[in-house]
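Everything on this sheet refers to the single structure shown next.
Protein chains: 4
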Amino acid sequence: MKFNVLAEMEYSARSAGTIILNIHALRTPHQTVISETFATDPYIKVEELTSVHGENRLMRFEIEEAGTIKVNYQATIDNLCEVKDFTEVTEVPVAHMDHTIFPYLYPSRYCQSDKLYRLAHNLFGHIYNPFEKVATLTNWIHRNVLYLSGSTNSQTSAFDTVTEQAGVCRDFAHLGIALCRALTIPARYFTGYAYQLKPADFHACFEAYIGNEWVLFDATRLVPLNGLLKIASGRDAADTAIANIFGDVLFTSMLVSCELAEDGFTPFYYEDGQLKGLSYL
Amino acid sequence: MKFNVLAEMEYSARSAGTIILNIHALRTPHQTVISETFATDPYIKVEELTSVHGENRLMRFEIEEAGTIKVNYQATIDNLCEVKDFTEVTEVPVAHMDHTIFPYLYPSRYCQSDKLYRLAHNLFGHIYNPFEKVATLTNWIHRNVLYLSGSTNSQTSAFDTVTEQAGVCRDFAHLGIALCRALTIPARYFTGYAYQLKPADFHACFEAYIGNEWVLFDATRLVPLNGLLKIASGRDAADTAIANIFGDVLFTSMLVSCELAEDGFTPFYYEDGQLKGLSYL
Amino acid sequence: MKFNVLAEMEYSARSAGTIILNIHALRTPHQTVISETFATDPYIKVEELTSVHGENRLMRFEIEEAGTIKVNYQATIDNLCEVKDFTEVTEVPVAHMDHTIFPYLYPSRYCQSDKLYRLAHNLFGHIYNPFEKVATLTNWIHRNVLYLSGSTNSQTSAFDTVTEQAGVCRDFAHLGIALCRALTIPARYFTGYAYQLKPADFHACFEAYIGNEWVLFDATRLVPLNGLLKIASGRDAADTAIANIFGDVLFTSMLVSCELAEDGFTPFYYEDGQLKGLSYL
Amino acid sequence: MKFNVLAEMEYSARSAGTIILNIHALRTPHQTVISETFATDPYIKVEELTSVHGENRLMRFEIEEAGTIKVNYQATIDNLCEVKDFTEVTEVPVAHMDHTIFPYLYPSRYCQSDKLYRLAHNLFGHIYNPFEKVATLTNWIHRNVLYLSGSTNSQTSAFDTVTEQAGVCRDFAHLGIALCRALTIPARYFTGYAYQLKPADFHACFEAYIGNEWVLFDATRLVPLNGLLKIASGRDAADTAIANIFGDVLFTSMLVSCELAEDGFTPFYYEDGQLKGLSYL
Numbered sequence: 133m134k135f136n137v138l139a140e141m142e143y144s145a146r147s148a149g150t151i152i153l154n155i156h157a158l159r160t161p162h163q164t165v166i167s168e169t170f171a172t173d174p175y176i177k178v179e180e181l182t183s184v185h186g187e188n189r190l191m192r193f194e195i196e197e198a199g200t201i202k203v204n205y206q207a208t209i210d211n212l213c214e215v216k217d218f219t220e221v222t223e224v225p226v227a228h229m230d231h232t233i234f235p236y237l238y239p240s241r242y243c244q245s246d247k248l249y250r251l252a253h254n255l256f257g258h259i260y261n262p263f264e265k266v267a268t269l270t271n272w273i274h275r276n277v278l279y280l281s282g283s284t285n286s287q288t289s290a291f292d293t294v295t296e297q298a299g300v301c302r303d304f305a306h307l308g309i310a311l312c313r314a315l316t317i318p319a320r321y322f323t324g325y326a327y328q329l330k331p332a333d334f335h336a337c338f339e340a341y342i343g344n345e346w347v348l349f350d351a352t353r354l355v356p357l358n359g360l361l362k363i364a365s366g367r368d369a370a371d372t373a374i375a376n377i378f379g380d381v382l383f384t385s386m387l388v389s390c391e392l393a394e395d396g397f398t399p400f401y402y403e404d405g406q407l408k409g410l411s412y413l
Numbered sequence: 133m134k135f136n137v138l139a140e141m142e143y144s145a146r147s148a149g150t151i152i153l154n155i156h157a158l159r160t161p162h163q164t165v166i167s168e169t170f171a172t173d174p175y176i177k178v179e180e181l182t183s184v185h186g187e188n189r190l191m192r193f194e195i196e197e198a199g200t201i202k203v204n205y206q207a208t209i210d211n212l213c214e215v216k217d218f219t220e221v222t223e224v225p226v227a228h229m230d231h232t233i234f235p236y237l238y239p240s241r242y243c244q245s246d247k248l249y250r251l252a253h254n255l256f257g258h259i260y261n262p263f264e265k266v267a268t269l270t271n272w273i274h275r276n277v278l279y280l281s282g283s284t285n286s287q288t289s290a291f292d293t294v295t296e297q298a299g300v301c302r303d304f305a306h307l308g309i310a311l312c313r314a315l316t317i318p319a320r321y322f323t324g325y326a327y328q329l330k331p332a333d334f335h336a337c338f339e340a341y342i343g344n345e346w347v348l349f350d351a352t353r354l355v356p357l358n359g360l361l362k363i364a365s366g367r368d369a370a371d372t373a374i375a376n377i378f379g380d381v382l383f384t385s386m387l388v389s390c391e392l393a394e395d396g397f398t399p400f401y402y403e404d405g406q407l408k409g410l411s412y413l
Numbered sequence: 133m134k135f136n137v138l139a140e141m142e143y144s145a146r147s148a149g150t151i152i153l154n155i156h157a158l159r160t161p162h163q164t165v166i167s168e169t170f171a172t173d174p175y176i177k178v179e180e181l182t183s184v185h186g187e188n189r190l191m192r193f194e195i196e197e198a199g200t201i202k203v204n205y206q207a208t209i210d211n212l213c214e215v216k217d218f219t220e221v222t223e224v225p226v227a228h229m230d231h232t233i234f235p236y237l238y239p240s241r242y243c244q245s246d247k248l249y250r251l252a253h254n255l256f257g258h259i260y261n262p263f264e265k266v267a268t269l270t271n272w273i274h275r276n277v278l279y280l281s282g283s284t285n286s287q288t289s290a291f292d293t294v295t296e297q298a299g300v301c302r303d304f305a306h307l308g309i310a311l312c313r314a315l316t317i318p319a320r321y322f323t324g325y326a327y328q329l330k331p332a333d334f335h336a337c338f339e340a341y342i343g344n345e346w347v348l349f350d351a352t353r354l355v356p357l358n359g360l361l362k363i364a365s366g367r368d369a370a371d372t373a374i375a376n377i378f379g380d381v382l383f384t385s386m387l388v389s390c391e392l393a394e395d396g397f398t399p400f401y402y403e404d405g406q407l408k409g410l411s412y413l
Numbered sequence: 133m134k135f136n137v138l139a140e141m142e143y144s145a146r147s148a149g150t151i152i153l154n155i156h157a158l159r160t161p162h163q164t165v166i167s168e169t170f171a172t173d174p175y176i177k178v179e180e181l182t183s184v185h186g187e188n189r190l191m192r193f194e195i196e197e198a199g200t201i202k203v204n205y206q207a208t209i210d211n212l213c214e215v216k217d218f219t220e221v222t223e224v225p226v227a228h229m230d231h232t233i234f235p236y237l238y239p240s241r242y243c244q245s246d247k248l249y250r251l252a253h254n255l256f257g258h259i260y261n262p263f264e265k266v267a268t269l270t271n272w273i274h275r276n277v278l279y280l281s282g283s284t285n286s287q288t289s290a291f292d293t294v295t296e297q298a299g300v301c302r303d304f305a306h307l308g309i310a311l312c313r314a315l316t317i318p319a320r321y322f323t324g325y326a327y328q329l330k331p332a333d334f335h336a337c338f339e340a341y342i343g344n345e346w347v348l349f350d351a352t353r354l355v356p357l358n359g360l361l362k363i364a365s366g367r368d369a370a371d372t373a374i375a376n377i378f379g380d381v382l383f384t385s386m387l388v389s390c391e392l393a394e395d396g397f398t399p400f401y402y403e404d405g406q407l408k409g410l411s412y413l
């Protein structure tokens with residue numbers, strides 16, 4: 133399905149600095165970037181880099197003097213979401229797991245899976261099918277954690293959220309990842325554009341590694357899963373920040389949008405009791 | 133300088149399981165593995181993997197039934213430590229930093245640099261030379277943190293240690309890394325064999341990225357820096373565990389040793405006021 | 133029921149110091165101290181104080197020089213446990229609560245009830261009868277938290293235990309208290325001697341304020357509730373430490389025992405579905 | 133010196149609830165309440181209580197139905213601040229300390245002195261004079277912690293602030309208290325009205341127990357110490373909340389002021405190197 137996405141950001145530099153943006157849509161077998169434009173005002177030479185892990189597309193540019201910088205990214209993107217039946221899937225034992233997956237098994241800054249081991253096993257350890265296990269823990273987060281803007285900050289982690297039970301999409305994703313890893317299911321953070329997200333913003337959710345592929349889960353249930361356009365994946369939000377800013381540069385405003393570019397969209401959400409998941413490379 | 137290293141470990145499996153060991157010495161331009169043997173008793177087929185980040189050498193093997201497993205690793209290793217003068221070095225701005233270095237700038241599980249930003253700048257922000265900056269913060273850790281076996285556990289992080297001021301080598305390393313990253317200096321965790329470490333054990337310290345190379349620092353000052361043989365590097369201990377165990381398998385005992393294999397060793401430690409560091413790829 | 137209790141402690145002073153012990157049985161309408169002896173070897177003049185909150189009996193003594201100090205406390209105590217039916221009890225609204233109870237509603241060092249508000253309400257908010265509410269949360273702790281010696285330390289708090297789900301009696305009590313307070317039910321920490329505790333030691337559990345009296349709960353279920361002899365109550369372990377030591381004095385060993393002094397003991401535990409509780413002033 | 137203080141608060145009740153306010157000026161030998169009025173609109177019967185610890189004046193009232201409630205408190209207060217010379221003061225050993233002071237030696241919800249033991253001793257343990265010790269740690273907080281509105285929330289504690297080094301008056305006070313207690317100096321939280329505080333608000337600072345009296349310290353240095361009018365003291369903010377609200381009642385707005393009621397005010401601040409402190413019972 134084709135979507136038009138837009139991200140406009142404004143920064144105010146009080147001196148020289150460097151910005152690394154991660155707002156470009158990924159180019160993958162499941163996601164085609166049909167067209168895109170990226171511009172800064174004033175014009176600054178931008179270097180495109182590829183992240184070490186994942187294939188995230190980073191834009192690095194240097195601000196040489198104080199002033200206001202505007203960034204504009206627009207793209208038309210076609211995503212190919214595949215709905216699969218996971219009724220027959222079994223867990224991938226670590227002994228047979230592709231070793232490039234290992235980093236997504238270990239605890240990270242915001243996903244302290246080492247501290248959630250007993251809780252995860254107490255709550256979900258009895259479920260055999262790994263898709264059902266992750267779907268169940270995602271539902272558990274949805275039921276127990278309140279979506280509450282402003283209730284958390286950039287330091288909030290899964291260890292906080294599992295008890296405080298309030299947060300935003302980032303916190304829902306971190307908790308999902310931490311619970312998966314505590315159950316020896318690799319999981320990673322997903323950032324993207326999201327159709328029908330209100331208010332419009334970047335979105336975050338997570339992918340779990342089930343049956344040798346990455347399957348998408350979103351404990352917020354705020355948007356249809358097939359309306360997501362992927363920007364980046366990583367161990368958690370520390371790896372996939374929309375912007376990393378170095379120097380005395382302030383983020384002042386942002387505008388994000390994501391609209392359909394063709395007809396015929398049928399929203400897809402997971403349904404309880406159905407072992408059908410969406411894979412998104 | 134040539135060293136003989138030995139690691140013997142014993143595990144007791146109560147059922148099937150998988151172990152991933154990271155005890156093999158790295159093979160790098162600065163470290164030659166002259167000879168090595170690795171054996172398990174009983175014999176188990178072992179798969180050698182290379183970690184995604186760094187070139188750490190992982191050994192994965194599957195335990196198929198309950199029982200005792202012994203692991204024996206022996207190697208003769210020649211390390212080439214280069215002492216360099218960093219008097220003239222300047223900071224690598226992020227705008228010119230090789231992007232493969234970025235992950236070592238971000239906070240990780242045990243190195244919450246995002247929480248140490250003000251403290252690091254208050255204490256060390258005024259130092260211009262980046263080598264001196266890291267040497268000074270390493271000394272600060274050495275002076276303020278008490279080396280105390282048993283005072284911390286596998287969940288202790290830099291955020292704890294900066295206040296509680298007690299720990300073991302792992303904690304000293306995590307705090308050094310977190311302070312560096314808070315100062316926009318990339319830093320990574322180092323595990324290895326260590327000559328003259330008492331009691332004999334694996335050791336951990338850290339590397340900071342200064343003047344486009346990785347320079348070794350050890351806030352514990354327990355061993356000469358040129359007596360270290362590198363096993364692995366990573367973001368923190370979560371990336372470089374000596375052993376990751378999956379399944380109902382218990383670690384029961386360990387023996388580590390590191391001895392000189394030739395004459396002529398002159399211990400090298402950093403000295404206050406000297407901007408001479410040891411680079412170790 | 134009459135019990136004989138004994139506590140022997142040994143300290144090694146490396147210089148002068150002060151010890152404040154809280155091991156004397158409380159004297160209350162529900163607990164008679166029939167006889168007791170307290171001695172130190174060498175003899176030291178001891179000052180008996182009463183804690184500001186509660187009526188805990190503190191013994192303060194000054195160690196004037198380096199050496200070994202032995203403390204011996206023996207008592208015969210008669211406790212009067214009253215089993216009451218709480219089927220008809222309703223919550224005491226804050227508007228009508230005796231204000232001396234307020235401190236037990238607020239968060240304290242080890243009982244961060246402010247962080248458990250949503251979790252407590254999600255899990256137990258729907259239960260109407262306050263006794264049933266506390267009994268249910270006590271059972272929840274018993275089912276979900278593993279009793280594991282050595283898994284926690286003196287800094288572990290309810291915020292840790294609710295997620296890490298392992299601990300000792302102190303941690304079980306702190307979590308119970310924090311959950312009660314999050315539900316606007318006053319709760320306090322209880323320390324005492326415990327009949328049938330294995331291995332023999334001091335014990336900790338908690339009291340919740342229900343229907344204008346303090347009712348005893350023990351999430352560990354390690355001992356019969358009517359075999360407890362109360363030493364102290366307070367907001368949490370910070371208020372009721374067995375010993376507070378000032379100066380360079382080390383605790384070196386301890387022996388505790390609690391035996392029946394008469395026949396006819398019938399162990400009393402709470403039973404699921406029975407709204408019968410034990411009040412213990 | 134005489135001051136006029138005013139506090140107006142507005143609450144919006146969505147159903148019945150209870151509010152306990154702690155905004156009345158304390159009546160002590162050092163502070164005379166010359167006149168005061170307290171009113172709610174609509175009129176509600178208010179019960180005046182005295183806190184168990186300290187003599188804080190609590191106003192409890194019950195809101196019986198949904199609606200808006202306005203509270204107005206006005207008072208004319210005369211405070212008597214005594215400036216004393218502490219050059220000759222020595223530490224009060226625990227062996228001779230009045231036992232009613234003990235609770236202010238122990239860790240509390242926001243002042244985890246048990247975690248700051250080594251840090252406090254490393255930084256301030258060498259200072260002999262207890263007034264100088266507390267003055268020095270207060271200056272250390274002032275120099276290292278940034279006053280930054282909105283940087284913290286109601287869960288922020290001294291353990292956070294000592295590392296994150298940003299906060300508001302409440303955080304400055306908690307850190308001061310925690311450092312004192314880690315040094316075996318009793319310390320307690322102080323809330324009050326503050327002359328010349330901009331923007332006008334309630335203020336928080338702390339008292340340390342030096343030479344058998346409570347001496348006032350304020351690491352924010354935002355206001356003259358002799359322009360403070362005391363409302364309450366307690367172990368930390370958990371004991372001295374301006375308002376404790378039970379039920380579905382929202383705090384919607386507040387107005388606070390503190391003005392001179394007579395001429396001749398000479399602002400008093402501590403000066404470096406001067407061992408003169410202000411005692412305030």
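Chains A, B, C and D, in that order, give the protein sequences. Quick note: the first sequence uses our numbering, first residue 133, plus one each step. Quick note: the second sequence uses our numbering, first residue 133, plus one each step. Quick note: the third sequence uses our numbering, first residue 133, plus one each step. Quick note: the fourth sequence uses our numbering, first residue 133, plus one each step. All C-beta atoms in this analysis are idealised placements derived from N, C-alpha and C, irrespective of residue type, glycine included. Just so you know, these numbers come straight off a predicted model, no measurement behind them.
Would a C-beta distance cut-off of 8 Å place I377(A) and N154(A) closer than the cut-off?
To locate residue 377(A), count along the first sequence from 1; it is residue 245. To locate residue 154(A), count along the first sequence from 1; it is residue 22. Annotated as distal: I377(A) and N154(A), with beta-carbon spacing of 8 Å or more.
With distance defined between alpha-carbon atoms, name the residue in A370(B), T172(B) and S411(B) nearest to G199(B).
Position 67 of the second sequence holds residue 199(B). Out of A370(B), T172(B) and S411(B), T172(B) has the C-alpha closest to the C-alpha of G199(B).
Of the choices C213(D), I342(D) and R146(D), whose alpha-carbon is the least far from that of F397(D)?
Locating residue 397(D) in the fourth sequence gives position 265, where the first residue counts as 1. Among C213(D), I342(D) and R146(D), the Cα nearest to that of F397(D) belongs to C213(D).
Does the beta carbon of F378(D) sit closer than 8 Å to a beta carbon anywhere in chain C?
Taking the first residue of the fourth sequence as 1, we reach residue 378(D) at position 246. So, interface residue.
DSSP state of H335(B), grouped into three classes?
In the second sequence, the residue the question calls residue 335(B) occupies position 203. Correct three-state label for H335(B): strand.
Could you tell me whether the Cβ of R320(C) comes closer than 8 Å to any Cβ of chain D?
For the purposes of this step, residue 320(C) is identified with residue 188 of the third sequence, where counting begins at 1. Taking Cβ atoms only, chain D never reaches closer than 8 Å to R320(C), which makes this a no.
Can you confirm whether L269(A), when its beta carbon is compared against all beta carbons of chain C, has any partner nearer than 8 Å?
Here residue 269(A) refers to the residue found at position 137 when the first sequence is read from its first residue. Proximity of L269(A) to chain C, defined by a Cβ-Cβ separation below 8 Å, is not satisfied.
When you compare only the Cα positions, how much space is there between A252(D) and A369(B)?
As a position in the fourth sequence, residue 252(D) is number 120, starting the count at 1. As a position in the second sequence, residue 369(B) is number 237, starting the count at 1. The alpha-carbon atoms of A252(D) and A369(B) are separated by roughly 28 Å.
With 16 other Cβ atoms within 10 Å as the buried cut-off, status of E296(D):
Position 164 of the fourth sequence holds residue 296(D). With 16 or more Cβ atoms within 10 Å of its Cβ, E296(D) is classed as buried.
For the stretch 267-279 of chain D against the stretch 216-232 of chain C, are there 3 or more C-beta pairs whose distance is under 8 Å?
The answer is no - the stretch 216-232 of chain C does not touch the stretch 267-279 of chain D, with fewer than three Cβ pairs under 8 Å.
Cβ-based burial, D404(B) [other Cβ within 10 Å; buried from 16]:
For the purposes of this step, residue 404(B) is identified with residue 272 of the second sequence, where counting begins at 1. Exposed, because fewer than 16 other Cβ atoms sit within 10 Å of the Cβ of D404(B).
Rounded to a whole number of angstroms, what is the C-alpha to C-alpha distance between F383(B) and D380(A)?
Here residue 383(B) corresponds to residue number 251 of the second sequence, with the count starting at 1. Here residue 380(A) corresponds to residue number 248 of the first sequence, with the count starting at 1. In this model, F383(B) and D380(A) are separated by some 49 Å (Cα to Cα).
Do K216(C) and the ligand MG come close, with the Cβ less than 7 Å from some heavy atom?
Ligands displayed in this structure: none; no statement on the ligand MG is therefore possible.
Among all the DSSP beta bridges, which residues are the ones paired with Q206(B)?
Here residue 206(B) is taken as the residue at index 74 of the second sequence, counted from 1. Paired residue(s): L138(B) and T169(B).
Can you confirm whether Q297(B), when its beta carbon is compared against all beta carbons of chain D, has any partner nearer than 8 Å?
Taking the first residue of the second sequence as 1, we reach residue 297(B) at position 165. Chain D contact via Cβ: present.
Selection of the stretch 276-294 of chain C by Cβ proximity to chain A, strictly under 7 Å:
When C-beta distances to chain A are compared with 7 Å, the residues of the stretch 276-294 of chain C below that value are N276, L278, F291 and V294, in chain order.
G308(A) lies in the beta strand (DSSP E); which residues open and close that run?
If you number the first sequence from 1, residue 308(A) lands on position 176. That residue, G308(A), is in no beta strand (DSSP E); its alpha helix (DSSP H) goes C301 to A314.
Distance between beta carbons of Y321(A) and D246(A), contact taken as under 8 Å
As a first step, residue 246(A) is located in the first sequence; it is residue number 114 there, counting from the start. As a first step, residue 321(A) is located in the first sequence; it is residue number 189 there, counting from the start. Between D246(A) and Y321(A) the beta-carbon gap is near 17 Å, outside 8 Å, which marks them as no contact.
Is the beta carbon of Y325(C) less than 8 Å from the beta carbon of L361(C)?
Start at 1 with the first residue of the third sequence, and residue 325(C) comes out as number 193. Start at 1 with the first residue of the third sequence, and residue 361(C) comes out as number 229. Their beta carbons are under 8 Å apart, which means Y325(C) touches L361(C) by this criterion.
Can you check which of these residues, I259(C), W346(C), A373(C) and E197(C), is closest to I309(C) by C-alpha distance?
The residue labelled residue 309(C) in the question sits at position 177 within the third sequence. I309(C) has its Cα closest to that of W346(C), out of I259(C), W346(C), A373(C) and E197(C).
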